[in-house]
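See below for the structure under consideration.
There are 2 protein chains.
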Amino acid sequence: MPETARRTDRLSGSRYGNRPTMKDVAARAGVGLKTVSRVVNGEPGVTPETERRVQEAIDALGFRRNDSARVLRKGRTASIGLVLEDLADPFYGPLSRAVEEVARAHGALLINGSSAEDPDREQELALALCARRVDGLVVIPAGDDHRYLEPEIKAGVAMVFVDRPAGKIDADVVLSDNYGGARDGVAHLIAHGHRRIGFIGDMPRIHTAAERLRGYRAAMEDADIEVADAWMSLGVTDPQRVRRAAEEMLSGPDPVTAIFTGNNRVTVTAVRVLAEHKRPVALVGFDDFELADLLQPGVTVVAQDAAALGRTAAERLFRQLDGDLITPERIELPTRLITRGSGELPPAD
Amino acid sequence: MPETARRTDRLSGSRYGNRPTMKDVAARAGVGLKTVSRVVNGEPGVTPETERRVQEAIDALGFRRNDSARVLRKGRTASIGLVLEDLADPFYGPLSRAVEEVARAHGALLINGSSAEDPDREQELALALCARRVDGLVVIPAGDDHRYLEPEIKAGVAMVFVDRPAGKIDADVVLSDNYGGARDGVAHLIAHGHRRIGFIGDMPRIHTAAERLRGYRAAMEDADIEVADAWMSLGVTDPQRVRRAAEEMLSGPDPVTAIFTGNNRVTVTAVRVLAEHKRPVALVGFDDFELADLLQPGVTVVAQDAAALGRTAAERLFRQLDGDLITPERIELPTRLITRGSGELPPAD
DNA sequence: TAGAGCCTGGACAACGTTGTCATATGCGAG
DNA sequence: CTCGCATATGACAACGTTGTCCAGGCTCTA
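Chains as they are written, first to last, in the working numbering: chain A, 1346 to 1694; chain B, 1346 to 1694.
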């Protein structure tokens, strides 16, 4: 279809509004090209007088160094990439911000993109960032096979996976203790007298969801409670389906007296459903959220520290870049149970 | 201090894990450099057999095109920059995401950074992005003087300002109707019988804050209500100070019966304070927030559409890049009053 | 005053890619 | 059999910057 490149292609050949280059600055200041480079980079060996002339020419022309050329020459971009699931998800805001702060402290820029939970899009994004020659990549995996990144790692791109482990490759991973957190949360409900406890979570192919489910099962088993299939609802996140799932658990012949929700979004919807429900139902959610304390009752949650996840991952990334690291590691950050009322309601059957 | 460049500088000279280049691929496939380029870019004029050999070499070597070099040659980067205030602020998540979606639809990547409401940092970031030669820039201004961007615009960088207008330059701007929204919100309180209405907002040097204050004043004036100084609290956003401000308004000799809050974060803190207050106090907030409907009472808000702001701005940016635009425009998006209870409480004096 | 040494400044190649242009090859028509 | 043409391929310069290296002018000392 692309029949021999068009000659008039807007993108080819002529630059946009052709910017001044160091050569232009040099000509105007009446000095050599390299002298301009020296001034721009604050290198020593330039007379104050010469420097003044160059600076003047720079200001007059509105010159700005072309970092693409610089990168090409130096081999490093001073930028890192972040592939996450959804920038609009409140969980990733602080994470992203934390990564940015660390990058900034290291003089690097952050380029990011959302995978929308689609493995293909994750790959496309990650590779596009590699083509831009980011120095390193922080990835929140959407897929479960990351062998496609092996050539990049071999080529020297630093890489850290966050929130979920990398698939089929050996790499640094920073996680929350999803299993332990969920177990604690469910155990908390059991400690308050509940035995019929529902679980609503994401698809178990997502690592965090699977781990939280595992924690739920473990807590139940620890208490010698047999879990009924009707109590578990997996792969359910959109509000309508969460609503239906919750309503079913609450209405069957053997209704649950408490629900454990597997993430942020599910918890919020569950709160809505329970608010309409006549009988009080206990609730513990994974992930904290704003205003959880202001609801009636306050929502008890297993909180993870998104900022700490981001910060830890980014710091590890830069340690890789500094050559400090040898073996890939798996770092697990603890979660924290925050009691606010909803998780301390007694069973009402 | 940098005494003549160090010879052993890690960053200079040798590449990291020296990646294969097109030249390497060409050598391995036994073809010319340009032929590899053709295959990589899907240009026509290559025999299937040759293409196969080249593709094989690419896979074997793990080659990935170096976009920095490509950019240097082509003059365009297929990436746009976004300078916002704080990625962790829930208002900017959807905005950022919307910009990203539009960029993606145009085959561009998004590079972003947070200014943390600091004009110097905004400038530093914006210029760093320009040095990377982004094709265009979406800026949520922190400062009020953007003349420093004039050379960039002249050099052909597309530019759109969002949420707040650009300062001292003529450029495209996409805003919410802050004035009208605030006026409607306050008028709503007045319509429900309130006359002593407090206002808590950000520093008036921030455009949105100033506009919302203006809306408040206009609504009061429309109703012939004289505003007492004690009712207004400006430049106050951190929770502790908002708390104190609210408490003062509510306790004086002439306490307010309703409060209009100038943004998200202020509203949330106000909700906390009012929840502890004995007398019911009406509340309308600028900006919607999650769970506003679940609180007791639900919080009435003036909602702006963050995603629409981002989308509109990004689309305009790409229209600039396509050469479709001529005159800078100021686009104002309407706000929407969402009644949920807190704004409909009658005055209780 | 001559030679050594330092300091400033510039010429030049290289980074990896793409656009331009030239060449080689094969094929059909005259 | 030769000429012309289309098609496949490659050589080469250029993009804007930085690292290397060299030249010229200066100061300082013997």
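We treat Cβ as the ideally placed atom computed from N, Cα and C, and that holds for glycine.
By the rule that beta-carbons nearer than 8 Å mark a contact, V1611(A) does not touch chain B. Rounded to the nearest whole angstrom, the CA to CA distance from T1422(B) to A1637(B) is 41 Å. Using a Cβ-Cβ cut-off of 9 Å, V1616(B) is close to L1636, L1639 of chain A, given in chain order. Cβ-Cβ distances below 6 Å link R1398(A) to A1374 in the same chain, with the five nearest sequence neighbours on each side left out; the list follows chain order. Under the 10 Å beta carbon count, I1403(A) is surrounded by 16 or more other beta carbons and is classified as buried. Taking a 10 Å sphere around the C-beta of D1669(B), we find fewer than 16 other C-beta atoms and assign the residue as exposed. Non-local beta-carbon contacts of V1626(A) in its own chain, meaning distances under 8 Å to residues more than five positions away in sequence, involve L1595, V1601, T1602, A1603, I1604, L1619, L1690, A1693 in chain order. CA-to-CA, the gap between L1378(A) and S1460(B) works out to about 34 Å. Looking from the CA of V1581(A), the closest CA among R1540(A), N1608(A), I1485(A), R1559(A) belongs to N1608(A).
For F1663(B), the uninterrupted alpha helix (DSSP H) run begins and ends at 1651-1666, by DSSP. Judged by their CB atoms, D1599(B) and R1541(B) are nearer to each other than the 8 Å cut-off. With 16 or more other Cβ atoms inside 10 Å of its own Cβ, E1497(A) counts as buried. K1499(A) belongs to the set of residues whose beta carbon lies under 8 Å from a beta carbon in chain B. Three or more Cβ pairs closer than 8 Å define a contact, and the segment 1481-1494 of chain A meets that threshold against the segment 1505-1520 of chain A. Using a C-beta cut-off of 8 Å, the segment 1433-1453 of chain B makes contact with the segment 1642-1658 of chain B, since at least three inter-stretch Cβ pairs fall below that distance.
Rounded to the nearest angstrom, the Cβ distance from G1481(A) to I1425(A) is 5 Å, consistent with a contact under 8 Å. Between the segment 1677-1691 of chain A and the segment 1517-1529 of chain A, the count of C-beta pairs closer than 8 Å reaches three or more; the two stretches touch. For M1504(A), the uninterrupted beta strand (DSSP E) run begins and ends at 1503-1507, by DSSP. In the assembly as shown, I1671(A) is an exposed residue. Its beta-carbon has fewer than 16 other beta-carbons within 10 Å.
Assignment of S1413(A) by DSSP, reduced to helix, strand and coil, places it in the helix class.
Excluding sequence positions up to five before and after V1572(B), its CB lies within less than 6 Å of the CB of M1565, all in the same chain and listed in chain order. At a cut-off of 3 residues, the continuous stretches assigned as beta strand (DSSP E) that sit fully inside the segment 1374-1430 of chain A are 1424-1429. Non-local beta-carbon contacts of E1396(B) in its own chain, meaning distances under 8 Å to residues more than five positions away in sequence, involve V1384 in chain order. The Cβ-Cβ distance between R1610(A) and C1475(B) does not fall below 8 Å. Secondary structure note for E1677(A): its beta strand (DSSP E) is the uninterrupted segment 1675-1678. Non-local beta-carbon contacts of T1612(A) in its own chain, meaning distances under 6 Å to residues more than five positions away in sequence, involve T1606, G1630 in chain order.
Counted as a single uninterrupted DSSP element, the alpha helix (DSSP H) harbouring D1567(B) occupies residues 1552-1567. Residues of chain B whose Cβ lies closer than 8 Å to the Cβ of V1416(A) are, in chain order, S1413. Secondary structure at N1457(A): strand, using DSSP grouped into helix, strand and coil.
Shortest Cα-Cα distance from K1499(B) to any of D1667(A), P1365(A), Q1641(A), D1650(A) involves P1365(A). Look at A1648(A) here: in three-state DSSP terms it is strand. Chain B places a beta carbon closer than 8 Å to that of L1455(A), counting this residue as a contact. Taking the beta carbon of E1401(A) as reference, no residue of chain B falls within 9 Å; the closest one sits roughly 15 Å away. Checking the DSSP bridge columns, you'll see A1627(B) partnered with A1603(B).
A distance below 6 Å between beta-carbons, with the five flanking residues on each side excluded, links S1687(A) to the following residues of its chain, in chain order: L1628, P1642, V1644, T1645.
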